[in-house]
Amino acid sequence: GVDMNDDMLSLARSYQSEMASRIGSDRVSFRKAHIQDLKLDLEVVDRYLTDHPVISSADLSRFDEWKSEQRNKAPLVADSSVDLVVSNCVLNLVEESDKRILLEEIFRVVRPGGRVAISDIVSDAPVPQRLKADPALWSGCISGALQEESFVNAFTEVGFQGVSLAKWDAKPWQTVEGLEFRSVTVTAYKGKGTECIDRGHAVIYRGPFSQVNDDDGHYYPRGQRIAVCERTFEALLDRYPENFIGIRPHGEVEPKMWCASAGTRRPASETRGGEHRSRESSGGCC
Ligand SMILES: C[S@@+](CC[C@H](N)C(=O)[O-])C[C@H]1O[C@@H](n2cnc3c(N)ncnc32)[C@H](O)[C@@H]1O
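Using the working numbering, you'd call the opening residue of the sequence shown number 25 and step up by one each time.
Quick look at the structure:
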């Protein structure tokens with residue numbers, strides 16, 4: 025768990041042993057950090073500042089250098105080290121200029137193939153500057169809220185895939201000057217980051233829509249055998265077995281770097297006899 029506030033950390037830690045006995049293992053720790061700077065352990069910073077108070081610009085320069093060194097040599101949360109990031113009602117509290125950095129930071133710490141589930145308050149229209157300047161509305165998780173569309177786009181902009189609105193509260197949490205503020209949850213994946221190698225795989229999008237597009241620029245018309253690289257094949261079938269039928273190549277196919285354009289069809293003759301991956305069990309005659 026990460027929070028920047030000592031009181032909140034104490035509160036969380038005060039329940040730690042009770043929670044450990046309830047779940048049968050003490051595998052949680054609570055760390056002091058800014059969520060937009062997960063490399064810097066603020067408890068280490070506090071200790072440094074006790075020993076090296078900053079009282080001049082020269083001290084400040086030394087402090088800045090020390091922080092950079094800490095981030096590089098002893099990051100609190102290392103790159104690609106987290107399976108799943110969950111957060112509730114924190115993003116809106118982060119300065120507007122830091123919101124993109126925060127999303128990039130979450131992307132940095134999630135391992136390839138890992139996931140996020142981020143809940144926050146969003147607005148149904150952009151929040152006017154006048155409301156943003158109101159400290160009570162800001163600390164009340166209102167005026168720092170992103171507009172709902174920007175919130176979803178923020179995840180794709182930093183590289184997350186399969187970004188979905190897992191929850192969207194129909195009932196607004198609050199309405200301020202006619203703007204509705206509600207709680208939503210976005211879930212998303214970090215891609216595996218492996219190379220795009222063509223090994224002869226294909227997928228068929230089941231429907232019900234006439235076509236779906238993914239964030240990599242691929243599109244899948246309903247019912248068509250579309251050629252995909254192995255990485256895309258695994259991602260689609262692992263994440264969306266309800267929506268896609270996977271068709272593996274028949275026998276060994278010479279692997280080659282992917283170069284076909286999106287929407288390229290895979291002729292049935294290339295995969296006939298191959299192993300098909302489908303949520304239904306095979307064996308019936310129809
Ligand atoms: C509205 S509370 C939500 C707490 C908790 N997630 C929950 O659902 O009960 C917001 C928390 O975010 C923390 N917070 C706000 N900005 C932060 C930041 N930039 N980095 C780390 N924690 C932050 C605050 O200290 C506070 O504990």
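By construction, the Cβ of each residue, glycine as well, lies at the ideal position given by its N, Cα and C atoms.
None of these values were measured; they are calculated from a predicted model.
Item checked: Reduced DSSP category for R135 - H, G, I as helix; E, B as strand; rest coil -> On the sequence shown, position 111 is the one that residue 135 refers to. Residue state, collapsed to three classes: strand.
Check: With 16 other CB atoms within 10 Å as the buried threshold, where does T218 fall?
Finding: Taking the sequence shown and counting its residues from 1, one reaches residue 218 at position 194. By the 10 Å Cβ count, T218 comes out exposed.
Notebook entry, point to check: Ends of the alpha helix (DSSP H) at K191?
Noted result: Here residue 191 refers to the residue found at position 167 when the sequence shown is read from its first residue. Looking at the DSSP string, K191 is not in any alpha helix (DSSP H); the run it does join, the beta strand (DSSP E), is Q185 to W192.
Note to self: Ignoring anything shorter than 4 residues, give me the alpha helix (DSSP H) runs that lie fully in the region 70 to 155, in order along the chain.
What the structure shows: 81 to 97 and 123 to 133
Next item on the list: Select from S167, V146 and P159 the residue whose C-alpha is nearest the C-alpha of S174.
Entry: Position 150 of the sequence shown, counted from the start, is the residue given in the question as residue 174. Nearest of S167, V146 and P159 to S174, Cα basis: V146.
Item checked: Burial state of T74, where buried means 16 or more other Cβ atoms lie within 10 Å -> Residue numbering aside, residue 74 sits at position 50 when the sequence shown is read from its first letter. Counting Cβ neighbours within 10 Å, T74 comes out exposed, since fewer than 16 surround it.
Item checked: DSSP beta-bridge partners of R157 -> Indexing the sequence shown from 1 puts residue 157 at position 133. It is worth fixing the name first, because residue 157 is Ala in this sequence and not Arg. Note: A157 sits in no beta bridge, so no partner.
Notebook entry, point to check: Where does D61 fall in DSSP's three states?
Noted result: As a first step, residue 61 must be located in the sequence shown, where it is residue number 37. Of the three classes helix, strand and coil, the one that applies to D61 here is strand, per DSSP.
Next item on the list: Would you check whether ligand 3 has a heavy atom nearer than 7 Å to the C-beta of D144?
Entry: In terms of ligand content, the structure shown lacks ligand 3 and carries ligand 1 instead.
Notebook entry, point to check: Hey, quick one: how far does the alpha helix (DSSP H) through Q40 stretch, first residue to last?
Noted result: Translated into the one-based positions of the sequence shown, residue 40 becomes position 16. According to the DSSP assignment, Q40 belongs to the alpha helix (DSSP H) that extends over Q40 to I47.
Check: In terms of residues, what are the limits of the alpha helix (DSSP H) holding N177?
Finding: Sequence index remark: in the sequence shown, residue 177 carries index 153 (1-based). N177 -> alpha helix (DSSP H) spans E172 to E181.
Item checked: The alpha helix (DSSP H) enclosing E204, as first and last residue numbers -> Numbered from 1 along the sequence shown, position 180 holds the residue referred to as residue 204. No alpha helix (DSSP H) contains E204, which is instead part of the beta strand (DSSP E) from L203 to Y213.
Notebook entry, point to check: What residues come near ligand 1, if near means a beta carbon less than 7 Å from any of its heavy atoms?
Noted result: Per the Cβ criterion, the list is V26, D27, M28, N29, M32, A57, H58, I59, Q60, S111, N112, C113, V114, L117, V118 and C165.
Checklist line | Supposed contact pair P273 and H225 - C-beta distance, whole angstroms, cut 8 Å | finding: In the sequence shown, counting from the first residue as 1, residue 225 sits at position 201. In the sequence shown, counting from the first residue as 1, residue 273 sits at position 249. At roughly 6 Å, the Cβ-Cβ gap stays under 8 Å, so H225 and P273 are in contact.
Notebook entry, point to check: Span of the beta strand (DSSP E) holding A226?
Noted result: Taking the sequence shown and counting its residues from 1, the one referred to as residue 226 is at position 202. Run containing A226: H225 to Y229, per the beta strand (DSSP E) assignment.
Next item on the list: Answer with buried or exposed for G168, where buried requires no fewer than 16 other C-beta atoms within 10 angstroms of its C-beta.
Entry: Numbered from 1 along the sequence shown, position 144 holds the residue referred to as residue 168. Buried, because 16 or more other Cβ atoms sit within 10 Å of the Cβ of G168.
Checklist line | Cα-Cα separation between V109 and D30, rounded to whole angstroms | finding: Reading the sequence shown from its first residue, position 85 is the one you call residue 109. Reading the sequence shown from its first residue, position 6 is the one you call residue 30. Distance between the alpha carbons of V109 and D30: 21 Å.
Next item on the list: Write down the C-beta distance between R206 and D193 rounded to the nearest angstrom, noting that I regard them as a contact closer than 8 Å.
Entry: Walking along the sequence shown from the start, residue 206 turns up at place 182. Walking along the sequence shown from the start, residue 193 turns up at place 169. Yes, they are in contact, since the Cβ atoms of R206 and D193 sit about 5 Å apart, within 8 Å.
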